[in-house]
Amino acid sequence: TANSGVTNNSSQLSLVQSDVSQYSNPLGRSACTAIALTLAYNCIGQVHYASPESFIDSTLLTRSINDGIKLYSDLRDNNSSGVEHSSVEDILAACSGRGNTVISSLKLFPNSPRQGVLSNSSSNQHMGLEALLTQCQLDSSESYIAVVITKTPETVLVILPTQRAASNTNAKFILIDSHPRPQQLAPHFPTGSYALFHPTLSSIVKSLREIFPVTELGDGVPELMQMMYNSFDVYPFQLSRG
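Per the numbering used here, residue 76 is the first one in the sequence shown, and the count goes up by one each step.
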């Protein structure tokens, strides 16, 4: 994938990496959504009680990827639709129906998923990554929330401090990704799954815009088609207290 040209202050970012990615297992090629939901559960239950740096490590990444691939494989075995990439909605519904208490304990925020559009135009910034993530921060009284972001065909996870928690100078904005990015996110160029810790919302948005660059289709392409190619979905979660 081509580098989008977005730069970040790498001295303020720290990387945790595992040699294992979703591609380490032949069954994991299309399992990124199941992995992201598994990571969301594994992170959001601990992040209210411990600093993210204390438990988001290569062991957690590896375990979550293996568990996410197993979840994806089990659901595929019981689904005759033939669709390779499972949506967040498909996985939540299947887990609820099968009594999977892990994924079912994730509570999706009201009015979700929230749909956005990647754009270089200032007129569309209200539907951009920063605007949608800021709204997620405002909609929670928790200290951190788990935000699953899907830009077909890829899904990643963001661990996001709410605005109250973000006022703490030690708060971290964390991008967790089961895809290797050996051509992106300089100078880290992660070759396995990774968690990239950022100090601010704007810095994590820069990283997200690098791995999800705007698709420029050129003049003459209808605006609705431009929006379709650049659309993404945001699923903010917290743990169900019920």
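Backbone N, C-alpha and C fix where the C-beta goes; we use that ideal spot for every residue, glycine too.
Mind reading off the beta-carbon distance from S93 to G295? Whole number of angstroms is fine, and I expect it under 8 Å.
-> Actually they do not touch by this definition, with Cβ atoms about 44 Å apart.
Could you give the distance in angstroms between the alpha-carbon of L88 and the alpha-carbon of A270?
-> Answer to the nearest angstrom: the Cα atoms are 10 Å apart.
Candidates Q238, D214, S180, E159: which alpha carbon is nearest C107's?
-> The shortest C-alpha separation from C107 is found at E159.
Which residue comes first and which comes last in the alpha helix (DSSP H) that contains Q313?
-> Where Q313 is concerned, there is no enclosing alpha helix (DSSP H), although the beta strand (DSSP E) it sits in stretches over 306–314.
Is DSSP giving S282 helix, strand or coil here?
-> The three-state reading of DSSP puts S282 in helix, counting H, G and I together.
Cut-off 7 Å between Cβ atoms - residues of its own chain near K226, not counting five sequence neighbours on either side | Only residues of its own chain outside the window of five on either side were considered, and among them F287, F307 have a CB closer than 7 Å to the CB of K226, listed in chain order.
Grouping DSSP H, G and I as helix and E and B as strand, with all else coil, what is T225?
-> Three-state DSSP puts T225 in a strand.
Rounded C-beta distance between S218 and P236? I'm assuming under 8 Å.
-> About 7 Å; that satisfies the 8 Å criterion.
Near I144, which residues of its chain fall below 8 Å by C-beta distance, leaving aside the five closest residues on each side in sequence?
-> The beta carbon of I144 is closer than 8 Å to those of Q97, N100, L102, G103, A106, A109, I110 in its chain, skipping five residues each way along the sequence.
Out of K247, Q212, D214, state which residue places its alpha-carbon closest to the alpha-carbon of V122.
-> For the residues K247, Q212, D214, the minimum Cα distance to V122 belongs to K247.
Out of curiosity, what's the CA-to-CA distance linking S197 and P311?
-> Using only the alpha carbons, I get a separation of about 24 Å.
If we count the other Cβ atoms within 10 Å of its Cβ and call it buried at 16 or more, is N117 buried or exposed?
-> Burial call: buried.
Does the beta-carbon of Y57 have 16 or more other beta-carbons within 10 angstroms, so that it is buried, or is it exposed?
-> In this structure the chain extends from 76 to 317, so residue 57 is not present and cannot be described.
What is the DSSP secondary structure of V81, counted as helix, strand or coil?
-> Legend: pLDDT at V81 = 40, less than 50; position of this residue unreliable, no value from coordinates given.
Taking the alpha-carbon positions, what's the Q313 to M300 distance?
-> C-alpha of Q313 to C-alpha of M300: approximately 33 Å in a straight line.
Quick one: measure Cβ to Cβ for T230 and L276, integer angstroms, because I've assumed they're closer than 8 Å.
-> So it is not a contact: roughly 20 Å between Cβ atoms.
Per DSSP, H273 forms a beta bridge with which residues?
-> According to DSSP, H273 bridges with F248.
With C-beta atoms as the reference, is V95 less than 7 Å away from D132?
-> It is not a contact, given that the beta carbons lie outside the stated cut-off.
In chain order, what residues of the same chain have a beta carbon less than 7 Å from the beta carbon of L135, not counting five sequence neighbours either side?
-> Excluding five sequence positions before and after L135, the CB atoms of its chain that fall closer than 7 Å to its own CB belong to N117, given in chain order.
Candidates D214, E128, P255: closest to P185 by CA position = Considering only alpha carbons, the answer is D214.
Look at T113 and S139 and say whether their C-beta atoms are less than 7 Å apart.
-> Yes, the Cβ-Cβ distance between T113 and S139 is below 7 Å.
If you run the structure through DSSP and keep just helix, strand and coil, what is R239?
-> The DSSP-derived three-state label of R239 is helix.
Could you tell me whether the Cβ atoms of M302 and V163 are closer together than 7 Å?
-> In this structure, V163 does not lie closer than 7 Å to M302 by Cβ.
Quick one: measure Cβ to Cβ for C170 and S179, integer angstroms, because I've assumed they're closer than 8 Å.
-> Between S179 and C170 the Cβ distance is about 5 Å, and since that is below 8 Å, they are a contact.
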